[in-house]
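Chain order of the listed sequences is A and B.
All residue numbers for the first sequence refer to my numbering, where the first residue is 1 and numbers rise by one.
All residue numbers for the second sequence refer to my numbering, where the first residue is 1 and numbers rise by one.
Data first, discussion second: the structure below is written as structure tokens.
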Amino acid sequence: MKTILNIKNIVAVLLISGLAFNCSNDDDMNDVMPMQSSPDFSGTYMQQDQMGRPAVNTVFVSPSSKDMFNVTTPSQQGDAFQSMFQTNLMALSPAYANPGDANALGLDAATFTGLLATDVLNLSLDGTTTFYDGTNVLTGRALADDVITVELLLIFGGEDFSENPQLSNDNVDANDKPFSASFPYLASAW
Amino acid sequence: MKKMKVLLGIGAIAVAGFFMVAADHIDAPAVQGGTSDITDFYAFQGQNTNNVVFVANVQGLLSPSATADASFDENVMIEFNIDTTGDNVEDLVIQAIPRDGKMYFFGPTTPGSVGLNSSVETSAPQSMVEVTPYGSNAIVKESNGLKIFAGPRDDPFFMDFAQYGEILAGNATGFNNPGSDTFAGTNVMSIVVEVPKVMLGGSGTVNTWVESKRKQ
Chain A
1 MKTILNIKNI VAVLLISGLA FNCSNDDDMN DVMPMQSSPD FSGTYMQQDQ MGRPAVNTVF
61 VSPSSKDMFN VTTPSQQGDA FQSMFQTNLM ALSPAYANPG DANALGLDAA TFTGLLATDV
121 LNLSLDGTTT FYDGTNVLTG RALADDVITV ELLLIFGGED FSENPQLSND NVDANDKPFS
181 ASFPYLASAW
Chain B
1 MKKMKVLLGI GAIAVAGFFM VAADHIDAPA VQGGTSDITD FYAFQGQNTN NVVFVANVQG
61 LLSPSATADA SFDENVMIEF NIDTTGDNVE DLVIQAIPRD GKMYFFGPTT PGSVGLNSSV
121 ETSAPQSMVE VTPYGSNAIV KESNGLKIFA GPRDDPFFMD FAQYGEILAG NATGFNNPGS
181 DTFAGTNVMS IVVEVPKVML GGSGTVNTWV ESKRKQ
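This is the structure in structure tokens:
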């Protein structure tokens, strides 16, 4: 009788471990099915970097303010940074200090830096999207846009892009690998 | 003499600042060279002209040998912000955040809160694509109307940044012709999302920017 009890116990233990094993198997199955195992997305994410137009923080924000610029929301950047932008623009391109001086968009130092200090990239939903293509201005930024030459022209090129030719084009006009016409558009890695 | 030293010092700092940075590569001390350092942002009409494309690049100046080991940081969310009302406050966001070799996208959706701090908008439409490994063909997924990609790409930015530094340092009076692309042969970690225009209001002009946000 005692032996039979022992056997019963052993069978029970085996059954329990068998069940446990099955449960564990079921959990593994659940992990394989994406709908039933959502990754952990909890928590608060705090801003570290931001960017709208190319090279704005780089060129127009003074070194000690670059981190602050990255954590100032765009709606507050104009008030906080326009005056610094204007000072740095006029240091880079002294012609802007002359009364009436403007760039090819007709913007004087105050208006130009007022535009740039709110660092958002305008995007048209109605057609051509380009930083500047000779006709359209600030309707987006395409991969092939020579944004640096456009910015150099607006900083150094004067009213008709003719001033300071040695400073207003870096003579690198295209990427080192061709872009694709189809998604994901960027060239494969080197 | 002392004043001159101070002036020279300020000049040197300014030049160093210009040297270290480009489109937005290594733009500020707190993020430079880290996994949340945004190098570039693009927004343009897609091949299908009913769509627009957003590109966010992070972790710039990766050499080919360093690219195989580069990865997205699971503690860093990349957030595309779209202002549809002209007040430069985001009305819609698209969030991208990696988990276990996959990039998850949420949105476009109205964010629960605007500004510097965000939660993952888990109740928004969720899309997911495997992060393309270095050396593989691009893995592309279509989901919830979006087309999505995440993985290493050639850095699409081009500029003679080295010569710009020489000019600012007073060592040169202008650019060379032809110039030399400082970013040639380097890679970035790239996130690309193509969105139907109708999801962003359909017509008119929107204001857009990209943010990197780190889990606290």
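Using N, Cα and C, we set each Cβ at its ideal position, and we do this for glycine too.
Within chain B, the C-beta atoms nearer than 7 Å to that of A/Asn122 come from Thr205 and Asn207, in chain order. For B/Thr205, the beta-bridge partners assigned by DSSP are A/Ser124.
In the DSSP assignment, B/Thr109 is bridged to B/Val93. Among the CB atoms of chain B, none fall inside 8 Å of the CB of A/Ala80. Distance between A/Met90 and A/Thr149, taken at the CA atoms: about 18 Å.
Taking CB atoms only, B/Lys213 has a neighbour in chain A less than 8 Å away. Counting of Cβ neighbours within 10 angstroms places B/Val206 among the buried residues, the total reaching 16 or more. The three-state reading of DSSP puts A/Asn70 in helix, counting H, G and I together.
The DSSP-derived three-state label of A/Asn103 is coil. For A/Gly114, the uninterrupted alpha helix (DSSP H) segment begins and ends at Ala109 to Ala117. Contact annotation: in the stretch 34-66 of chain A, residues whose CB is within less than 7 Å of a CB in chain B are Pro39, Phe41, Gly43, Thr44, Tyr45, Met46, Gln47, Gln48, Asp49, Gln50, Met51, Gly52, Pro54, Ala55, Asn57, Thr58, Pro63 and Lys66. For the pair A/Pro165 and B/Gly179, the Cα-to-Cα distance works out to about 14 Å. According to the DSSP assignment, A/Asn175 belongs to no alpha helix (DSSP H), since it is labelled neither H nor E. B/Ala56 carries a strand assignment under DSSP once its states are collapsed to helix, strand and coil.
Within the model, the alpha-carbon separation for A/Ala181 versus A/Ala187 is close to 10 Å. Comparing C-alpha distances from B/His25 to each of B/Glu166, B/Pro156, B/Phe105 and B/Gly201 shows the shortest one belongs to B/Pro156. In the same chain as B/Asp73, and ignoring 5 residues on each side of it, the C-beta atoms closer than 6 Å to its own belong to Thr35, in chain order.
Here B/Glu211 is buried, its C-beta having at least 16 other C-beta atoms within 10 Å. In this structure, the CA atom of B/Ala66 is about 16 Å from the CA atom of B/Asp37. Secondary structure note for B/Ile191: its beta strand (DSSP E) is the uninterrupted segment Asn187 to Pro196. In summary, the residues of the stretch 147-161 of chain B whose CB is separated from some CB of chain A by less than 7 Å are Lys147, Phe149, Pro152, Arg153, Asp154, Pro156, Phe158, Met159 and Asp160, in the order they occur in the chain. Contact check for B/Lys147 against B/Glu130 fails: the beta carbons are separated by 8 Å or more. Listed along chain B, the residues sitting closer than 7 Å to A/Tyr185 by beta-carbon distance are Val53 and Val192. Here the stretch 59-75 of chain A makes no contact with the stretch 93-104 of chain A; the two share fewer than three CB pairs at distances below 8 Å.
Within the stretch 105-121 of chain B, contact with chain A at the beta-carbon level (separation under 7 Å) is assigned to Gly115, Leu116, Asn117, Ser118, Ser119 and Val120.
Listed by position along chain B, the residues whose Cβ is nearer than 8 Å to that of A/Leu125 are Val52, Lys197, Leu200, Gly201, Gly202, Ser203, Gly204, Thr205 and Val206. A Cβ of chain A is located within less than 8 Å of the beta carbon of B/Gly174.
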